[in-house]
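2 protein chains.
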Amino acid sequence: MPGMVSTQFTRDNLADKLRAHGINPTHQRIEIAFALFSRHEHLSADQVMAIVNERHSETSKATVYNTLNLFLEKKLIREVIVDPNKVFYDPNTEPHYHLYDLQSGRLTDIDASDVRVTGLPALPSGMVTEGMDIIIRVRPSDAAH
Amino acid sequence: MPGMVSTQFTRDNLADKLRAHGINPTHQRIEIAFALFSRHEHLSADQVMAIVNERHSETSKATVYNTLNLFLEKKLIREVIVDPNKVFYDPNTEPHYHLYDLQSGRLTDIDASDVRVTGLPALPSGMVTEGMDIIIRVRPSDAAH
DNA sequence: GTTTGAATTAGACAGAGTCCAATTCGTAAC
DNA sequence: GTTACGAATTGGACTCTGTCTAATTCAAAC
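Those sequence lines, one after another, are chains V and H. Numbering-wise, my numbering puts 83 at position 83 of the first sequence, and it's gapless, one number per residue. Numbering-wise, my numbering puts 148 at position 3 of the second sequence, and it's gapless, one number per residue.
Pasting the structure below:
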């Protein structure tokens, strides 16, 4: 399909995406998915809530949290924990790592396809890897420390 | 110095360690340091408080938090963020990474000396690395998921 | 024993996230 | 178009981690 634009997210194809992950696509869930996928950003729960309720309040705090946890469980999104008092939700589920700017609090993706990690010890027996997070913490070089 | 036992922590040499990091060694601070360094474990703030107040209540919540943040600032300990709602404090400041057992919540050290990470992109100019965290999340292989 | 600044304290407070019982929604059957 | 019913959503109370503040205590210097 030459010329196909696969990165365009509409509410319709997000509904399909939800169904494909076994999630009943309700209004609120579609709006929350749209907030996450149409921007390519890492958002916290309260940022998601603010975006979804921009025009007029439509979605409660409980639903935002329920939905984000449902999306996590169904592996539609990922959780990134860099700040002790705020969880970020990441619509990019491709393998990738993160660069965290301590100064600005901004989080950037690092593509994982070129990254190799060697020399890790064997896992304890009976354990399987669920995932690996790599977070590189950076700051401006001129900043006093 | 053959035969030297360098891993023994007493309240006396912990006081010296605190002074060496520019920290005035008070009773409470020594007790908190002792809790962290005598065990070789990752403890959360409330675990530290429980340990320090085992016999009779001696140290307030505010002091525990103040002291842990002071230790962090003076690079006596490290912060490990794996669980969105609990920060762990790590007395091991040697370069190392972490294995996180999602089932039990237990955190284990991985020595960094054999680990090599290659293929990372260059940092944005004007940025310096402050540190790199690697967290491997594991779970028992038989666990339903 | 006084003085003085640093450290500690209790308890109120803040913010993120969870829980629960009551309501509303959407759909399928009629 | 109504009805029925399970699923989803809701507001608000609640919990938990961590911070703040004003008052008190401590310990060292004199």
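A virtual CB, placed ideally from N, CA and C, is assigned to each residue, including glycine.
Straight-line Cα distance separating residue j from residue i
i      : j      : result
F154/H : A160/H : 10 Å
E275/H : M194/H : 29 Å
N85/V  : L76/V  : 23 Å
M132/V : Y97/V  : 9 Å
V52/V  : Y89/V  : 15 Å
H56/V  : F34/V  : 16 Å
L72/V  : I168/H : 43 Å
D246/H : G126/V : 12 Å
I32/V  : T253/H : 36 Å
V283/H : P240/H : 21 Å
R19/V  : F37/V  : 16 Å
N92/V  : I136/V : 18 Å
E41/V  : P124/V : 35 Å
Q28/V  : K61/V  : 11 Å
A45/V  : Y65/V  : 7 Å
Q47/V  : L99/V  : 20 Å
A257/H : N69/V  : 33 Å
H166/H : V225/H : 20 Å
E203/H : P140/V : 41 Å
H145/V : R11/V  : Interpretation of H145/V is limited by its pLDDT of 47, a score under 50 that renders its predicted location unreliable; the figure taken from the coordinates is listed afterwards. Cα to Cα, H145/V sits roughly 46 Å from R11/V.
R116/V : D259/H : 13 Å
T212/H : I175/H : 10 Å
V227/H : E54/V  : 32 Å
A267/H : T26/V  : 42 Å
G148/V : I279/H : Residue 148/V lies beyond the residue range present for chain V, which begins at 1 and ends at 145; the question has no answer from this structure.
G119/H : V273/H : Coverage of chain H is limited to positions 146 through 290, which leaves residue 119/H absent and any answer about it impossible.
N13/V  : V232/H : 39 Å
T63/V  : K162/H : 49 Å
R184/H : R223/H : 15 Å
L43/V  : K219/H : 31 Å
Contacts of residue i in chain V (Cβ-Cβ under 9 Å)
i      : result
R284/H : M127, V128, T129 and E130
I177/H : Chain V residues near I177/H: none, gap ~18 Å exceeds 9 Å.
Three-state secondary structure (DSSP) of residue i
i      : result
T67/V  : helix
H172/H : helix
V197/H : helix
F37/V  : helix
I222/H : coil
L18/V  : helix
L252/H : strand
L247/H : coil
D259/H : coil
L123/V : coil
V138/V : strand
A289/H : A caution first: A289/H carries a pLDDT of 49, below 50, which makes its placement in the model unreliable, though a value can still be read off. A289/H: coil per DSSP, three-state reduction.
Cross-chain neighbours of residue i in chain H, by beta carbon under 9 Å
i      : result
T118/V : D259, V260, R261, V262 and T263
V64/V  : Under the 9 Å cutoff, chain H gives no residues; its nearest Cβ is about 15 Å from V64/V.
D12/V  : What D12/V touches in chain H: nothing, since even the nearest Cβ is about 31 Å away.
D90/V  : Those do not exist, as D90/V stays about 13 Å from chain H at its closest Cβ, beyond 9 Å.
Contact list for residue i against chain V, beta-carbon separation under 7 Å
i      : result
P229/H : I81 and V87
L268/H : V138
Residue i: contacting residues in chain H (beta-carbon distance under 8 Å)
i     : result
D16/V : By Cβ distance, chain H contributes nothing, its closest Cβ being about 25 Å from D16/V, past 8 Å.
Contact set between residue i and chain V, taken where Cβ atoms lie within less than 8 Å
i      : result
I222/H : In chain order: nothing, as chain V lies at least about 14 Å away.
I196/H : The premise fails here: I196/H is roughly 21 Å from chain V at the closest Cβ pair, so nothing lies under 8 Å.
### Task
Select from the segment 246 to 260 of chain H all residues with a C-beta closer than 7 Å to any C-beta belonging to chain V, and list them in chain order.
Taking 7 Å as the Cβ-Cβ cut-off against chain V, the residues of the segment 246 to 260 of chain H that qualify are L247, I255, D259 and V260.
#### Entry: Near-chain H residues of the segment 18 to 49 of chain V - C-beta to any C-beta below 8 Å
Answer set for the segment 18 to 49 of chain V: empty.
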